[in-house]
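Count along the sequence shown starting at 1, add 5, and that's the number in the numbering used here. Here a beta-carbon is modelled for each residue, glycine too, at the ideal position from N, C-alpha and C. Okay, so here's the structure we're looking at.
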Amino acid sequence: MPVNTIPVATDLILVLDNGIGSSGQQLTQNRVYKNIKTDANNDKIYSVAETLAGLQNKRKLAIQRRDIVEIELT
């Protein structure tokens, strides 16, 4: 049963350092940037994310890309 995927949305997520919790675990804060072009190149997304991270008061822990697709039968 072949299926087809259709890109719906792409989000850029900056994971920022939000300190250490009372039991010693890493706390994080996510900054989500929506409406990224679904066909955007990972290198360009990373470059933009690095620029945005430089504007934050908190230290960057990770850069994530979230792709949302619809799956349908062909």
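Inter-residue CB distance, residue i and residue j (contact presumed, cutoff 8 Å)
i   : j   : result
L21 : L66 : 6 Å
V13 : V74 : 6 Å
Beta-carbon proximity of residue i to residue j, cut-off 8 Å
i   : j   : result
L57 : V8  : no
T10 : T43 : no
I50 : N35 : no
R70 : N46 : no
A54 : I76 : no
Start and end residues, alpha helix (DSSP H) containing residue i
i   : result
D48 : 47-59
Residue i (DSSP reduced to helix, strand or coil)
i   : result
P12 : strand
K39 : strand
N62 : coil
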